[in-house]
Amino acid sequence: MTKKRFRLTKAEKSCLERLQAEHGSDATSEMMALLVNEENFSAHRGAEEIDDGPDDSYECIVFGNDGFQEDVRSRKEVARLMMRLDQLGIPILGFGVEPEGYSWAMRVECDDEELLDLIVWDIWFDITCPEANPVKEELNDYLGDIGVMAA
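Heads up, the sequence shown is in my numbering, so the first residue is 25 and it goes up one at a time.
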């Protein structure tokens with residue numbers, strides 16, 4: 025049995041470079057990456073609302089505890105997440121990785137943590153097992169329900 029090899033595409037590399045240039049080293053995102061690493065490590069990826077800003081500010085973090093520095097799949101996931109957020113018009117506010125490089129967090133201007141959670145899992149399954157993506161239909165239904173074209 026051969027092991028599937030993963031490589032970043034040119035578009036994914038470009039996204040990661042842009043993410044680092046525009047949003048990298050965001051102190052809040054780095055702190056969130058450390059927090060999810062320490063307090064929510066068993067959740068491999070997901071989204072959570074940040075509830076410490078003004079009432080009219082809606083922010084969530086999308087995160088991964090999946091070996092960002094060492095695993096190319098994790099970097100592909102982040103690049104594709106950035107692409108998907110761009111498509112949906114969801115602004116990225118920051119990006120950070122915890123000091124050991126394993127966990128990452130992306131801060132976004134969005135209050136729909138369910139949508140963000142579905143997106144990050146859909147992307148992961150598209151990378152690792154696209155023929156058996158268990159969340160694709162649920163995400164497409166959710167997007168349809170909120171009036172957005174399916175993924």
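The beta-carbon is built from N, C-alpha and C at its ideal position, and this holds for glycine as well.
Judged by DSSP secondary structure, GLU133 falls within the beta strand (DSSP E) whose first and last residues are 127-133. Within the same chain, Cβ atoms closer than 7 Å to the Cβ of ARG99 are found at LEU32, LEU40, PHE92, the five residues on either side in sequence being excluded.
In this chain, GLY113 is not harboured by any alpha helix (DSSP H), its DSSP state being neither H nor E. Bridge partners of CYS84 according to DSSP: GLU73, VAL132. Distance from the CA of LYS160 to the CA of LEU117, rounded to the nearest whole angstrom, comes to 26 Å.
Annotation for SER38: the continuous alpha helix (DSSP H) segment containing it runs 34-47.
Nearest neighbour of LEU43 by Cα position, chosen from SER127, TYR82, GLU94, ASP110, turns out to be ASP110.
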